[in-house]
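Undergrad: Pasting a structure below so you can have a look.
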Amino acid sequence: MMKSICLVLLICLITSCSKTIEIDRDFKILFKVNGVERTVYDFESSYVTHLISTGKNDSRNERETFLTEMIDEILLAQSAIDKGFTSHLKYQAAIEYQQRKSMIDTYFVDMMEDKIEPLTDDEIRLAYAKKQRTVYIRQLYSKDRKDLELAYDSLNSGKNFIDVANTFYETEEYDSSAGYLGPISYFGIDDVVAEAAYSTNQGQFTKPIRSRLGYHIIYVDHITYPAILAEDEYLYRKQGIASQMRLRKQRLVSNDYIFDLMSGLDVQTDNTNLRLLREVIANIEDAELIRQPNKSESSELFWTDERVEQLSNLFDRNAILATYKTDQGIQVFTFGEYLSWLPYLSFQESKIRLGASVGRGMRNQVLYEMASFEDYHTDSSVKKKVEMRSYEILSDLYQYSITMDALLDTSQVEVPETFKSRLISSRNLLLKASYWKIPMSNFEKTKQLKDQIVSGTLPSSIQGFTEIINSTIDINEYDYDLVKKSNLKQPIIAYSDEQGWILLQVDEREIIEISSETNYDDLQKSFKVFDSIRKELDYLRSEANIEVDRNLFEEISKIWALS
Numbered sequence: 057m058m059k060s061i062c063l064v065l066l067i068c069l070i071t072s073c074s075k076t077i078e079i080d081r082d083f084k085i086l087f088k089v090n091g092v093e094r095t096v097y098d099f100e101s102s103y104v105t106h107l108i109s110t111g112k113n114d115s116r117n118e119r120e121t122f123l124t125e126m127i128d129e130i131l132l133a134q135s136a137i138d139k140g141f142t143s144h145l146k147y148q149a150a151i152e153y154q155q156r157k158s159m160i161d162t163y164f165v166d167m168m169e170d171k172i173e174p175l176t177d178d179e180i181r182l183a184y185a186k187k188q189r190t191v192y193i194r195q196l197y198s199k200d201r202k203d204l205e206l207a208y209d210s211l212n213s214g215k216n217f218i219d220v221a222n223t224f225y226e227t228e229e230y231d232s233s234a235g236y237l238g239p240i241s242y243f244g245i246d247d248v249v250a251e252a253a254y255s256t257n258q259g260q261f262t263k264p265i266r267s268r269l270g271y272h273i274i275y276v277d278h279i280t281y282p283a284i285l286a287e288d289e290y291l292y293r294k295q296g297i298a299s300q301m302r303l304r305k306q307r308l309v310s311n312d313y314i315f316d317l318m319s320g321l322d323v324q325t326d327n328t329n330l331r332l333l334r335e336v337i338a339n340i341e342d343a344e345l346i347r348q349p350n351k352s353e354s355s356e357l358f359w360t361d362e363r364v365e366q367l368s369n370l371f372d373r374n375a376i377l378a379t380y381k382t383d384q385g386i387q388v389f390t391f392g393e394y395l396s397w398l399p400y401l402s403f404q405e406s407k408i409r410l411g412a413s414v415g416r417g418m419r420n421q422v423l424y425e426m427a428s429f430e431d432y433h434t435d436s437s438v439k440k441k442v443e444m445r446s447y448e449i450l451s452d453l454y455q456y457s458i459t460m461d462a463l464l465d466t467s468q469v470e471v472p473e474t475f476k477s478r479l480i481s482s483r484n485l486l487l488k489a490s491y492w493k494i495p496m497s498n499f500e501k502t503k504q505l506k507d508q509i510v511s512g513t514l515p516s517s518i519q520g521f522t523e524i525i526n527s528t529i530d531i532n533e534y535d536y537d538l539v540k541k542s543n544l545k546q547p548i549i550a551y552s553d554e555q556g557w558i559l560l561q562v563d564e565r566e567i568i569e570i571s572s573e574t575n576y577d578d579l580q581k582s583f584k585v586f587d588s589i590r591k592e593l594d595y596l597r598s599e600a601n602i603e604v605d606r607n608l609f610e611e612i613s614k615i616w617a618l619s
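Following this note's numbering, the numbering of the sequence shown begins with 57 at its first residue and continues without gaps.
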């Protein structure tokens with residue numbers, strides 16, 4: 057696209073033609089679904105997040121699939137609106153939370169404006185130049201920085217990045233696309249990742265960096281540069297580039313802002329109520345949690361609606377967890393307010409490091425009150441974020457409703473062999489085991505506890521002890537790999553991204569090979585759900601007005617394609 061713009065500029069300069077306003081590609085409409093529009097930026101930013109959060113590699117098929125999923129999400133959400141799902145209590149609660157979260161996010165970014173130095177022309181020019189480049193990257197990713205240390209040492213010793221990536225991701229066979237994310241744009245990805253990638257030369261890699269998703273080592277596969285950087289084009293774009301740079305700087309200095317903000321509030325915790333709340337949360341079993349979708353980079357144990365509701369009935373909403381000082385005097389942070397911020401807080405942190413979790417909730421509450429005072433509920437960017445999130449929620453609720461109806465259907469259906477073989481091949485082993493586990497906060501404490509248990513301390517006497525007896529463990533469950541690999545009848549120190557440090561002992565374990573007949577009922581249920589959702593989407597598509605700018609999609613696909 058940039059080459060086309062540059063060519064037009066050259067022709068205009070030669071022929072003295074008048075300059076026409078070129079719409080930035082990011083803001084061009086990529087597709088419409090019954091009047092709902094999504095831009096190139098909407099697609100690309102969501103797609104990059106999808107790749108990072110799932111660990112998948114970019115491909116033409118992956119891009120097409122993701123485009124289809126974005127369209128399907130809107131169709132399902134619109135149907136949910138027609139069916140009255142906006143009156144659903146879960147929808148209203150989720151939107152109310154998203155409204156508050158979007159308000160604090162937007163207010164927070166705006167407050168950073170006062171924390172950064174004015175941009176110089178040199179900085180804006182450099183950002184403009186970077187924006188015209190396309191950087192193709194690969195990554196090694198983990199939630200734990202320690203996982204990257206061996207790989208980083210291997211890279212520093214001169215090993216090929218793709219070889220290291222195959223080892224790191226434990227590919228079944230050599231994959232030349234291991235770790236490949238594809239092209240990124242300077243303002244279309246996580247700020248830390250973008251700055252690292254655009255500050256690294258082609259063929260080189262970064263040191264481990266921390267983004268909002270975890271830890272990365274970024275490798276720059278290739279960089280494409282524009283044919284020319286025209287001065288009049290820069291002057292035309294300067295204001296927009298400067299605005300984007302200010303937003304980036306605001307976000308990058310946010311940690312210091314939060315530290316200064318909270319330090320100035322003279323926070324005092326109520327240790328008695330925190331201790332009582334810790335005891336209540338400790339009795340909420342991990343097993344009751346609904347696990348988030350299996351995304352390699354963002355899979356954490358979050359508070360579910362069911363657990364929030366359970367906790368709300370076990371503690372006094374008016375109980376004071378902490379106090380803090382503002383210009384209006386001493387303010388209180390109650391359990392009820394903490395409860396309202398739980399949906400996106402880590403369950404494990406609440407259980408193991410309650411003080412830190414309460415601190416995060418109080419930070420959100422303080423920012424929300426500041427944003428409310430400034431009327432951020434009327435902000436256009438807040439409204440846009442809420443609108444985008446509303447489609448996600450409505451789509452999920454409608455799919456859940458379709459799923460429940462399908463599962464209640466007792467009729468027999470013929471399961472196609474293609475569907476059957478696909479499901480069976482991924483679930484041909486069954487793991488049954490009896491074991492216990494205890495969540496811990498760090499390696500040192502886990503090791504100390506292991507020594508105590510080896511010396512005779514009863515595991516059941518330790519806070520957080522959970523025993524699982526003769527239970528079937530699905531291959532997608534968090535404990536599967538840990539239980540499968542553990543030595544029998546001895547405590548071991550284990551770690552996973554989802555659960556952190558745990559002490560684990562497997563007393564009995566059996567691995568059973570299962571046949572298609574064993575899974576007949578599961579196959580029936582799975583296919584009914586799949587077929588019901590597919591038929592609903594087929595109908596919605598047949599009735600919908602869907603417009604996809606295929607030329608524009610081909611244009612951005614060429615940029616994404618491996619060079």
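Virtual Cβ for every residue (Gly too), placed ideally from N, Cα, C.
Starting from Tyr454, follow the beta strand (DSSP E) in both directions and report where the run begins and ends.
TA: As a working mapping, residue 454 is identified with position 398 in the sequence shown. Per DSSP, Tyr454 belongs to no beta strand (DSSP E); it is in the alpha helix (DSSP H), Ser436 to Leu464.
Undergrad: With a CB to CB cut of under 6 Å and the five nearest residues on each side skipped, what residues in its chain are close to Asn607?
TA: Mapped onto the sequence shown, residue 607 falls at position 551. Nothing meets the Cβ criterion.
Undergrad: Mind checking which residues open and close the alpha helix (DSSP H) that includes Val510?
TA: Translated into positions along the sequence shown, residue 510 becomes position 454. Phe499 to Val510 is the extent of the alpha helix (DSSP H) around Val510.
Undergrad: Does Thr502 pass the burial test, meaning 16 or more other C-beta atoms within 10 Å, or should it be called exposed?
TA: Looking up residue 502 in the sequence shown gives position 446. Buried, since its Cβ has 16 or more Cβ neighbours within 10 Å.
Undergrad: Kindly list the residues whose CB is nearer than 6 Å to the CB of Arg373, restricted to its own chain and excluding five residues on each side of it in sequence; keep chain order.
TA: In the sequence shown, the residue the question calls residue 373 occupies position 317. Around Arg373: Phe391 and Gly392.
Undergrad: Looking only at its chain, what residues have a beta carbon closer than 7 Å to the beta carbon of Ala221, apart from the 5 residues adjacent to it on each side?
TA: If you number the sequence shown from 1, residue 221 lands on position 165. Arg194, Leu196, Ala234 and Gly235, listed in sequence order.
Undergrad: Taking its Cβ as the centre, do 16 or more other Cβ atoms sit within 10 Å of Pro174, making it buried, or is it exposed?
TA: Taking the first residue of the sequence shown as position 1, residue 174 is located at position 118. Counting Cβ neighbours within 10 Å, Pro174 comes out exposed, since fewer than 16 surround it.
Undergrad: Check whether the stretch 127 to 136 and the stretch 450 to 460 touch, using three or more Cβ-Cβ pairs below 8 Å as the test.
TA: These segments touch.
Undergrad: Let me know the secondary structure DSSP gives Tyr225 once reduced to three states.
TA: The sequence position of residue 225 within the sequence shown is 169, counting from 1. Three-state result, Tyr225: coil.
Undergrad: Do the stretch 401 to 418 and the stretch 144 to 157 meet, that is, are 3 or more Cβ pairs less than 8 Å apart?
TA: These segments do not touch.
Undergrad: Tell me, to the nearest whole angstrom, how far the beta carbon of Leu559 is from that of Ile567; I am working on the premise that it is less than 8 Å.
TA: Position 503 of the sequence shown, counted from the first residue, corresponds to residue 559. Position 511 of the sequence shown, counted from the first residue, corresponds to residue 567. Contact doesn't hold; Cβ gap of about 23 Å is too wide.
Undergrad: In the DSSP assignment, find the unbroken beta strand (DSSP E) run with Phe389 in it and report its ends.
TA: In the sequence shown, counting from the first residue as 1, residue 389 sits at position 333. Taken as a continuous stretch (DSSP letters only), the beta strand (DSSP E) holding Phe389 covers Gly385 to Thr390.
Undergrad: In its own chain, which residues sit with a C-beta less than 7 Å from the C-beta of Leu63, not counting the 5 before and 5 after it?
TA: Translated into positions along the sequence shown, residue 63 becomes position 7. Its pLDDT being 36, under 50, Leu63 is placed unreliably in this model, and the value from its coordinates should be taken loosely. No residues qualify anywhere along the chain.
Undergrad: Just to confirm the assignment, what range does the beta strand (DSSP E) spanning Thr190 have?
TA: Residue 190 sits at position 134 when you count from the first residue of the sequence shown. Unbroken beta strand (DSSP E) run through Thr190: Thr190 to Ser198.
Undergrad: Residues in its own chain within less than 7 Å of Ser613 by CB, not counting five upstream and five downstream?
TA: Translated into positions along the sequence shown, residue 613 becomes position 557. The residues are Arg116 and Arg119.
Undergrad: How do the stretch 458 to 474 and the stretch 531 to 543 stand: do at least 3 beta-carbon pairs fall below 8 Å, yes or no?
TA: Too few Cβ pairs lie closer than 8 Å, so no.
Undergrad: Could you check if Ile386 is buried or exposed, using at least 16 other CB atoms within 10 Å of its CB as the buried criterion?
TA: The residue given as residue 386 occupies position 330 in the sequence shown. Ile386 should be labelled exposed.
Undergrad: With three or more C-beta pairs closer than 8 Å as the rule, is the stretch 97 to 110 touching the stretch 419 to 427?
TA: No, the stretch 419 to 427 is not in contact with the stretch 97 to 110.
Undergrad: Could you give the DSSP three-state label for Lys540: helix, strand or coil?
TA: Counted from its first residue, the sequence shown places residue 540 at position 484. Residue state, collapsed to three classes: helix.
Undergrad: For Val604, collect the residues of the same chain with a Cβ closer than 6 Å to its Cβ; drop the 5 residues on either side in sequence, then sort them by chain order.
TA: The residue labelled residue 604 in the question sits at position 548 within the sequence shown. Cβ neighbours of Val604 beyond the five flanking positions: Phe87.
Undergrad: Measuring alpha carbon to alpha carbon, tell me which residue in Asp203, Lys506, Ile458 and Ile180 is nearest Lys581.
TA: As a first step, residue 581 is located in the sequence shown; it is residue number 525 there, counting from the start. Nearest C-alpha to Lys581: Ile458.
Undergrad: With a threshold of 6 Å on Cβ separation, who are the neighbours of Lys187 within its own chain once the five nearest residues in sequence on each side are excluded?
TA: Translated into the one-based positions of the sequence shown, residue 187 becomes position 131. Contacts found: Tyr242.
Undergrad: Is it the case that the Cβ atoms of Ser490 and Arg565 are separated by a distance below 9 Å?
TA: Residue numbering aside, residue 490 sits at position 434 when the sequence shown is read from its first letter. Residue numbering aside, residue 565 sits at position 509 when the sequence shown is read from its first letter. Yes, they are a contact pair.
Undergrad: Measure from the alpha carbon of Ile494 to the alpha carbon of each residue in Ile509, Asp98 and Lys488, then state which is nearest.
TA: Looking up residue 494 in the sequence shown gives position 438. It is Ile509 whose Cα lies nearest to the Cα of Ile494.
Undergrad: Let me check one thing: in DSSP terms, what residues is Ser527 bridge-paired to?
TA: To locate residue 527, count along the sequence shown from 1; it is residue 471. Beta-bridge pairing links Ser527 to Ala489.
Undergrad: So, helix, strand or coil for Phe521, using DSSP?
TA: On the sequence shown, residue 521 is found 465 positions in, with the first residue counted as 1. Of the three classes helix, strand and coil, the one that applies to Phe521 here is coil, per DSSP.
Undergrad: Specify, as a first and last residue, the run of the beta strand (DSSP E) that Tyr271 falls within.
TA: Residue numbering aside, residue 271 sits at position 215 when the sequence shown is read from its first letter. Tyr271 -> beta strand (DSSP E) spans Tyr271 to Thr280.
Undergrad: Does the structure place the stretch 94 to 104 close enough to the stretch 243 to 250 that three or more beta carbon pairs sit under 8 Å?
TA: Cβ pair count under 8 Å is three or more, so yes.
Undergrad: Identify, in the order they occur along the chain, each residue of the same chain with its Cβ nearer than 6 Å to the Cβ of Asp435, setting aside the five sequence neighbours on each side.
TA: Numbered from its first residue, the sequence shown carries residue 435 at position 379. Cβ within range, chain order: Thr162.
Undergrad: Within 10 angstroms of the Cβ of Leu398, are there 16 or more other Cβ atoms? Answer buried if so, exposed if not.
TA: On the sequence shown, position 342 is the one that residue 398 refers to. With 16 or more Cβ atoms within 10 Å of its Cβ, Leu398 is classed as buried.
Undergrad: From Gln555 to Asn498, what does the alpha carbon distance come to, in whole angstroms?
TA: On the sequence shown, position 499 is the one that residue 555 refers to. On the sequence shown, position 442 is the one that residue 498 refers to. Cα to Cα, Gln555 sits roughly 11 Å from Asn498.
Undergrad: Look up Gly238 in the DSSP assignment and give the residues it is bridged to.
TA: Start at 1 with the first residue of the sequence shown, and residue 238 comes out as number 182. Its beta-bridge partners are Ile193.
Undergrad: What are the residues that DSSP puts in a beta bridge with Val469?
TA: One-based indexing of the sequence shown puts residue 469 at position 413. In DSSP, Val469 forms no bridge with anything.
Undergrad: Measuring only the C-alpha atoms, how far is Leu544 from Val249?
TA: Within the sequence shown, numbered from 1, the residue matching residue 544 stands at position 488. Within the sequence shown, numbered from 1, the residue matching residue 249 stands at position 193. If you take the alpha carbons of Leu544 and Val249, they lie about 42 Å apart.
Undergrad: Quick check on Gly512: buried or exposed, where buried means 16 or more other Cβ atoms within 10 Å of its Cβ?
TA: Residue 512 sits at position 456 when you count from the first residue of the sequence shown. That one is exposed.
Undergrad: Where does Gln546 fall in DSSP's three states?
TA: Numbered from its first residue, the sequence shown carries residue 546 at position 490. Coil.
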